[in-house]
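Visitor: Take a look at this one; I'll ask things after.
2 protein chains.
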Amino acid sequence: MEQTTSEKILDVAQTLVVAGGYNGFSYADISEAIGIRKASIHHHFPTKAHLVSVLLQRYAKQAEDGLNAVSTNIPNPPGRLQAYFDHWQSCITQTSEPFCVCAMLAGEIELLPEDIASHVRRHFENLSRWLASTLTAGVEQGQFRLSGAPEEEAQILMASVHGAMLSARALGRPDIFAAIVGPQLRRLSP
Amino acid sequence: MEQTTSEKILDVAQTLVVAGGYNGFSYADISEAIGIRKASIHHHFPTKAHLVSVLLQRYAKQAEDGLNAVSTNIPNPPGRLQAYFDHWQSCITQTSEPFCVCAMLAGEIELLPEDIASHVRRHFENLSRWLASTLTAGVEQGQFRLSGAPEEEAQILMASVHGAMLSARALGRPDIFAAIVGPQLRRLSP
DNA sequence: TATTACCTACCTACTAATAGGTAGATTTAA
DNA sequence: TTAAATCTACCTATTAGTAGGTAGGTAATA
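Residue numbers (my numbering), protein chains in the order written: chain A, 1 to 190; chain B, 1 to 190.
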């Protein structure tokens with residue numbers, strides 16, 4: 001077996017959350033997508049809240065690993081940011097995962113179980129922290145010149161990325177992601 | 001009667017959409033909020049899709065009127081942008097309407113009835129057009145200096161606003177909206 | 001080496017609650 | 001007195017979740 005049923009369920013659930021958020025999918029959708037009964041999904045994940053919680057734990061791990069890999073493999077900070085943006089650019093243009101799960105859930109955070117909500121909050125904190133530290137490193141190496149504090153610039157970048165995802169989706173134009181995020185990166189050059 | 005039942009229904013529905021999107025509320029929620037039966041809501045709005053469609057027509061009108069008012073009442077383009085941002089700033093800090101209905105629906109646009117989806121798309125187009133024309137006017141009066149085309153800068157601003165709303169919500173920090181949008185406005189000054 | 005026990009994964013069949021929606025009677029207001 | 005607004009009382013489909021059982025594998029034991 002190359003992929004466990006649990007992993008299949010999580011993959012499908014992630015796709016569904018990305019498409020329509022927490023209230024936009026059901027166990028029946030997952031059931032249909034992978035060809036097992038609803039009850040079997042409950043065997044692996046007793047409740048929907050539990051399923052999404054595990055999903056977010058997995059996502060957090062993947063995100064952390066991804067950002068760590070970028071940080072260690074790419075020496076120059078501007079290249080790191082570019083790699084991060086390129087990642088999303090290709091996710092969006094290939095429509096494989098045209099939105100960040102956590103950004104999606106952030107919109108409906110008020111309605112979510114607290115367990116899930118805190119995962120979402122943490123993702124925003126982690127991502128902005130990574131961006132801030134990358135910006136700081138770039139400033140120290142003279143590769144960035146910031147108008148404000150790194151933390152502030154990080155928040156601006158993160159918001160631009162999420163807003164660009166939303167515009168790309170709303171307008172049905174994947175290209176608009178790069179059109180928005182590209183200039184935001186370029187203006188950091190000294 | 002100072003407010004018709006239809007208007008009350010629309011107001012409540014808007015609040016609910018802002019909180020959790022299209023799939024995040026039901027007729028039962030509206031019923032409970034204003035104290036009439038579900039069936040009575042169906043009398044005014046036969047289907048949920050119809051209700052939200054009317055809601056978006058009303059929203060489009062309000063938005064258009066609002067932006068027109070800003071354009072005619074405020075002579076200088078930078079002041080117009082500031083007024084637009086201030087509007088959202090106060091919506092968010094007062095938690096009266098901490099998110100744009102259309103931005104909310106844009107996230108789940110793939111699952112929405114086409115009628116509603118096109119309203120959402122149009123809102124993104126209208127808003128970016130208004131921003132672009134405001135930027136163009138400001139450039140002509142020497143009050144803005146843009147790095148790129150006005151249309152591109154408009155897309156960046158719109159994405160920043162939406163992304164800032166999302167961050168404010170995700171982090172539970174209304175102040176972060178201004179921290180993100182403020183600098184984006186300031187860097188347009190010549 | 002049987003055999004008993006246990007486990008995982010999945011199933012059918014159900015439940016209670018909620019979803020959106022309808023039919024038709026009754027009230028309210030012009 | 002007619003039309004609009006609201007009601008009660010439904011309906012059907014779907015939701016998340018449960019109950020109880022089966023098939024097949026693994027492990028302990030006699």
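Every residue gets a Cβ at the ideal spot worked out from N, C-alpha and C, and that includes glycine.
This one's a predicted model, so the numbers in the text were calculated from it and none came from an experiment.
Can you tell me which of the three DSSP states residue 149 of chain A falls into?
Guide: As a working mapping, residue 149 of chain A is identified with position 149 in the first sequence. In the structure shown, residue 149 of chain A sits in coil (DSSP, three-state: anything other than H, G, I, E or B).
Visitor: Please list the residues of the region 165-183 of chain A that have a C-beta atom closer than 8 Å to any C-beta atom in chain B, keeping them in chain order.
Guide: Cβ contacts with chain B come from 166, 167, 169, 170, 171, 172, 176, 179, 180, 183.
Visitor: Relative to the C-alpha of residue 43 of chain B, which candidate in B:102, B:27, B:56, B:177 has its C-alpha closest?
Guide: Translated into the one-based positions of the second sequence, residue 43 of chain B becomes position 43. Minimum Cα distance to residue 43 of chain B is reached at B:27.
Visitor: Assuming residue 188 of chain B and residue 144 of chain B are in contact, meaning their beta carbons sit under 8 Å apart, how far apart are those beta carbons, in whole angstroms?
Guide: Taking the first residue of the second sequence as 1, we reach residue 188 of chain B at position 188. Taking the first residue of the second sequence as 1, we reach residue 144 of chain B at position 144. Correct: roughly 5 Å between the Cβ atoms.
Visitor: Say yes only if the C-beta of residue 117 of chain A is nearer than 7 Å to one or more non-hydrogen atoms of the ligand ZN, and no if none qualify.
Guide: Only the bare structure without any ligand can be found here, which leaves the ligand ZN out of the picture.
Visitor: Can you tell me whether residue 182 of chain A is helix, strand or coil according to DSSP?
Guide: Numbered from its first residue, the first sequence carries residue 182 of chain A at position 182. Reduced to three states, the DSSP call for residue 182 of chain A is helix.
Visitor: If we ignore side chains and look at the alpha-carbon of each, how far apart do residue 157 of chain A and residue 131 of chain A end up?
Guide: For the purposes of this step, residue 157 of chain A is identified with residue 157 of the first sequence, where counting begins at 1. For the purposes of this step, residue 131 of chain A is identified with residue 131 of the first sequence, where counting begins at 1. Rounded to whole angstroms, residue 157 of chain A to residue 131 of chain A spans 8 Å at the Cα level.
Visitor: Between residue 116 of chain B and residue 52 of chain B, how many whole angstroms is the CB-CB distance? I'm expecting something under 8 Å.
Guide: For the purposes of this step, residue 116 of chain B is taken as the residue at position 116 of the second sequence. For the purposes of this step, residue 52 of chain B is taken as the residue at position 52 of the second sequence. Confirmed, about 5 Å.
Visitor: Thinking just about the alpha-carbon of each residue, which of B:126, B:98, B:135 is nearest to the one in residue 77 of chain B?
Guide: Mapped onto the second sequence, residue 77 of chain B falls at position 77. Comparing Cα positions, the closest option is B:135.
Visitor: How many angstroms separate the CA atom of residue 161 of chain A from the CA atom of residue 57 of chain A?
Guide: By one-based count along the first sequence, residue 161 of chain A stands at place 161. By one-based count along the first sequence, residue 57 of chain A stands at place 57. Those two C-alpha atoms are separated by around 22 Å.
Visitor: Please report how far the alpha carbon of residue 95 of chain B lies from the alpha carbon of residue 75 of chain A, in whole angstroms.
Guide: Residue numbering aside, residue 95 of chain B sits at position 95 when the second sequence is read from its first letter. Residue numbering aside, residue 75 of chain A sits at position 75 when the first sequence is read from its first letter. Distance between the alpha carbons of residue 95 of chain B and residue 75 of chain A is about 43 Å.
Visitor: Using only CA atoms, which one of A:85, A:37, A:89, A:177 lies nearest to residue 164 of chain A?
Guide: Translated into the one-based positions of the first sequence, residue 164 of chain A becomes position 164. The residue with the shortest Cα to Cα distance from residue 164 of chain A is A:177.
Visitor: Answer yes or no: does any C-beta atom of chain A fall closer than 8 Å to that of residue 114 of chain B?
Guide: Here residue 114 of chain B corresponds to residue number 114 of the second sequence, with the count starting at 1. Not closer than 8 Å to any Cβ of chain A, the Cβ of residue 114 of chain B fails to qualify, so no.
Visitor: Does DSSP put residue 36 of chain A in a helix, a strand or coil?
Guide: Translated into positions along the first sequence, residue 36 of chain A becomes position 36. Residue 36 of chain A: coil per DSSP, three-state reduction.
Visitor: Please tell me whether residue 118 of chain A has its Cβ less than 8 Å away from any Cβ of chain B.
Guide: Position 118 of the first sequence, counting from 1, holds the residue named residue 118 of chain A. No, residue 118 of chain A does not count as interfacial toward chain B.
Visitor: Output needed in chain order: residues of the region 133-156 of chain A with a Cβ under 7 Å from some Cβ in chain B.
Guide: Hits within the stretch, in order: 147, 148, 152, 155, 156.
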